[in-house]
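**Student:** Have a look at this one.
Number of protein chains: 2
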Amino acid sequence: MKTKILVLEDDNSISQLICMNLEAAGFLTIPILDGLEAQAYLQTEQSKEISLALVDVMLPGKDGFSLMEDFQKVDIPVIYLTAKDDVISKVQGLKSGAEDYMVKPFEILELLVRIEKVLERTGRGREMIQIHDVSIHLKEHSVTKNGVPILLKPMEYELLVTLASNKNIALSREELLQRIWGTDFIGETRTVDVHIAQLRKKLDFHQVIRTVSKTGYRLEEL
Amino acid sequence: MKTKILVLEDDNSISQLICMNLEAAGFLTIPILDGLEAQAYLQTEQSKEISLALVDVMLPGKDGFSLMEDFQKVDIPVIYLTAKDDVISKVQGLKSGAEDYMVKPFEILELLVRIEKVLERTGRGREMIQIHDVSIHLKEHSVTKNGVPILLKPMEYELLVTLASNKNIALSREELLQRIWGTDFIGETRTVDVHIAQLRKKLDFHQVIRTVSKTGYRLEEL
DNA sequence: AGTAGCCTTACATTTACCTTAAATCTGCTA
DNA sequence: TAGCAGATTTAAGGTAAATGTAAGGCTACT
Chain A
556 MKTKILVLED DNSISQLICM NLEAAGFLTI PILDGLEAQA YLQTEQSKEI SLALVDVMLP
616 GKDGFSLMED FQKVDIPVIY LTAKDDVISK VQGLKSGAED YMVKPFEILE LLVRIEKVLE
676 RTGRGREMIQ IHDVSIHLKE HSVTKNGVPI LLKPMEYELL VTLASNKNIA LSREELLQRI
736 WGTDFIGETR TVDVHIAQLR KKLDFHQVIR TVSKTGYRLE EL
Chain B
556 MKTKILVLED DNSISQLICM NLEAAGFLTI PILDGLEAQA YLQTEQSKEI SLALVDVMLP
616 GKDGFSLMED FQKVDIPVIY LTAKDDVISK VQGLKSGAED YMVKPFEILE LLVRIEKVLE
676 RTGRGREMIQ IHDVSIHLKE HSVTKNGVPI LLKPMEYELL VTLASNKNIA LSREELLQRI
736 WGTDFIGETR TVDVHIAQLR KKLDFHQVIR TVSKTGYRLE EL
């Protein structure tokens with residue numbers, strides 16, 4: 556079952572942009588445009604299925620910060636979205652119990668990374684990502700192909716998860732290095748190639764992981 | 556849906572020139588001639604659909620710099636246009652939160668490049684460019700014709716994207732070389748012809764990519 | 001010291017691309 | 001309209017660059 560994410564953002568175009576991207580990444584989204592409506596929604600039975608909420612701080616009806624306790628009551632982790640990049644509201648946001656904080660305008664890719672981290676950390680992560688005949692069991696940190704366990708080394712696993720969370724998006728070697736190895740990594744970009752080769756071999760993904768010449772790699776599905 | 560760009564420029568002829576070119580490039584433009592009017596427009600519901608604003612610094616009503624916070628409030632990235640090329644206002648412009656800065660008189664082509672970059676950076680980038688029956692999937696770095704994948708080599712892809720981002724605008728061989736191959740490229744301009752030929756063949760664009768004799772090429776639509 | 005994981009290196013293979021050259025087209029002049 | 005010159009199209013091949021892959025050695029943990 557798909558992971559549900561509540562998107563509480565009053566700006567309709569931003570809301571749509573976020574939802575579109577989350578849906579593309581395999582989530583199910585519940586867009587809500589104002590604070591009071593959100594508060595009401597949290598009372599309903601459906602709200603139990605929400606795994607995470609993205610909350611704009613500036614909202615009509617009721618502002619994001621004061622909604623925090625409503626979310627805490629039903630145990631939904633929150634990532635704040637805000638245009639303010641001043642330290643004061645940042646501190647206030649995290650202190651008030653948010654799991655993370657994003658300053659607008661932000662990169663969708665960065666948002667996806669943070670979402671995955673929060674879901675992981677709070678144990679609400681997607682349990683599984685499917686690509687063709689292989690399943691990535693995120694909680695178990697394991698991978699199977701047609702039910703048969705495939706042993707991946709840590710880096711290979713991370714690489715696969717990164718590619719799989721960005722299906723059909725071309726990722727450059729630099730991007731992959733930055734996201735998996737960290738910003739501080741100094742070394743050859745060829746390193747990526749070697750790990751890609753391992754994944755292709757172990758999973759028989761020679762066609763699934765496509766090289767985008769002079770650019771990077773893309774995991775294809777559909 | 557087409558990307559909407561707000562053009563805030565008091566000189567009517569310049570405004571028209573910019574709008575004409577942006578429309579030709581596939582954007583939808585909202586020309587506004589004075590500062591106060593712009594401020595009012597940002598309060599309206601329609602303004603939510605704006606992806607980017609081009610703002611002249613010298614304006615009647617209210618000047619561009621002081622409008623910055625209005626744009627930030629509704630989270631619209633700004634590129635300043637100005638006749639002043641002195642460092643002081645440049646610094647002031649960027650410091651005040653603009654995404655970029657163009658000094659008049661500027662090349663329309665350069666403006667288009669910067670617009671694309673800002674849209675990309677702020678996550679408002681177009682994901683797809685359509686030309687007749689072919690779709691360029693920018694994130695995937697792939698191209699399909701009637702849904703059928705077409706394999707393009709890196710240079711061909713770049714060339715297509717460049718032409719497609721400048722629909723109906725004739726680009727000279729020199730311009731294409733500079734923009735795709737880089738300023739440091741030393742070699743024949745005939746090189747461009749070869750790649751154009753490949754594109755025409757692979758995409759069946761014999762009529763769509765038109766030769767502008769003694770000048771260069773133009774990708775036509777409508 | 002042994003082991004597992006990972007980065008690098010080096011070589012093989014594949015892919016991309018610039019050039020060349022011949023064919024074709026275009027527009028001009030007679 | 002024929003002929004010509006210059007411009008453009010297109011195919012092909014050599015070379016350069018990018019990628020694939022196996023193997024070795026380094027590092028950190030036992």
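Protein sequence lines, in the order shown, are assigned to chains A and B. Remember, the working numbering sits 555 above the position in the first sequence when you count from 1. Remember, the working numbering sits 555 above the position in the second sequence when you count from 1. C-beta: ideal position from N, C-alpha, C; glycine also.
1. Check whether the region 757 to 771 of chain A and the region 705 to 723 of chain A are in contact - that is, three or more C-beta pairs closer than 8 angstroms.
2. So if I threshold CB-CB distances at 8 angstroms, which residues from the region 718 to 750 of chain A count as touching chain B?
3. Please return the same chain residues whose Cβ sits closer than 7 angstroms to the Cβ of D688 (chain B), not counting the five positions on each side in sequence.
4. Would you kindly report the start and end of the unbroken beta strand (DSSP E) that includes M683 (chain B)?
5. Please list, in chain order, the chain B residues whose beta carbon lies closer than 9 angstroms to that of I569 (chain A).
6. Do I573 (chain A) and L607 (chain A) have their C-beta atoms within less than 7 angstroms of each other?
7. Nearest-angstrom Cα distance between P586 (chain B) and W736 (chain A)?
8. Cutting at 6 angstroms between CB atoms, please list the residues of its own chain near I605 (chain B), excluding the five before and the five after it.
9. Could you check where the beta strand (DSSP E) with I560 (chain A) kicks off and where it finishes?
10. Around the Cβ of L563 (chain A), are there at least 16 other Cβ atoms within 10 angstroms (buried) or fewer (exposed)?
11. What does E695 (chain B) touch in chain A if you count any residue whose Cβ is under 9 angstroms from its own?
12. Are the Cβ atoms of A719 (chain B) and R773 (chain B) separated by less than 7 angstroms?
13. For V703 (chain A), count neighbouring C-beta atoms within 10 Å of its own C-beta (all shown protein chains included) and say buried if the count is 16 or more, exposed if not.
14. Looking at chain B, is there any beta carbon in it that lies within less than 7 angstroms of the beta carbon of D566 (chain A)?
15. Does any C-beta atom of chain B lie closer than 7 angstroms to the C-beta of T770 (chain A)?
16. Can you check whether the C-beta of P709 (chain B) is within less than 7 angstroms of a C-beta belonging to chain A?
17. Give the single residue among A:I634, A:L674, A:S697 whose Cα lies nearest to the Cα of Q685 (chain A).
18. Is it buried or exposed for G745 (chain B), if we count other Cβ within 10 angstroms and need 16 for buried?
19. Measure the CB-CB distance between V629 (chain A) and L674 (chain A) and report whether it falls below 7 angstroms.
20. From this set, A:L577, A:V749, A:D565, which residue's C-alpha is nearest P615 (chain A)'s C-alpha?
21. Are the beta-carbon atoms of L636 (chain A) and D611 (chain A) separated by less than 7 angstroms?
22. Nearest CA to the CA of E695 (chain B): which residue from A:R681, A:D618, A:R765, A:V749?
23. If we require 3 or more residues per run, which beta strand (DSSP E) segments fall completely within the region 691 to 771 of chain B?
24. How about C574 (chain A): is its C-beta nearer than 7 angstroms to some C-beta of chain B?
25. List the residues that DSSP assigns as beta-bridge partners of L622 (chain B).
26. Applying the criterion that 16 or more other CB atoms from any shown protein chain within 10 Å of the CB defines a buried residue, is D641 (chain A) buried or exposed?
27. Select from A:E730, A:D618, A:Q762 the residue whose C-alpha is nearest the C-alpha of V747 (chain A).
28. Return the first residue and the last residue of the beta strand (DSSP E) that M781 (chain B) is part of.
29. Contact criterion: CB-CB distance below 7 angstroms. Does I643 (chain A) meet it with respect to chain B?
30. By a C-beta neighbour count over all protein chains shown, 10 Å radius and 16 as the cutoff for buried, is E654 (chain B) buried or exposed?
31. May I have a chain-ordered list of the alpha helix (DSSP H) segments no shorter than 4 residues that lie completely inside the region 583 to 635 of chain A?
32. Which class does R679 (chain A) belong to by DSSP, given the choice of helix, strand or coil?
33. Just the Cα atoms here: how many angstroms apart are M683 (chain A) and M613 (chain A)?
34. Helix or strand or just coil, what does DSSP make of V642 (chain A)?
**Tutor:** Checking against the coordinates, here is how it stands:
1. yes
2. N723, I724, A725
3. K700, N701
4. 683 to 686
5. K603, D630
6. no
7. 46 angstroms
8. K559, L561, I631
9. 559 to 563
10. buried
11. N723, I724, A725, V767, R773, E775
12. no
13. exposed
14. yes
15. yes
16. yes
17. A:S697
18. Checking the sequence shown, residue 745 (chain B) turns out to be Arg, not Gly. Answer is exposed; the Cβ neighbour count stays below 16.
19. no
20. A:D565
21. yes
22. A:R765
23. 697 to 700, 703 to 705, 764 to 767
24. no
25. For L622 (chain B), which the question treats as bridged, DSSP gives no partner whatsoever.
26. With a pLDDT of 47 at D641 (chain A), under the threshold of 50, the modelled position of this residue cannot be trusted; read the value that follows with caution. Exposed.
27. A:E730
28. No answer is possible for residue 781 (chain B): the residues shown for chain B start at 556 and end at 777.
29. A caution first: I643 (chain A) carries a pLDDT of 49, below 50, which makes its placement in the model too unreliable to give a value.
30. buried
31. 590 to 596, 619 to 628
32. coil
33. 34 angstroms
34. Note that V642 (chain A) scores a pLDDT of 44, beneath 50, so its modelled location is shaky and nothing firm can be said.
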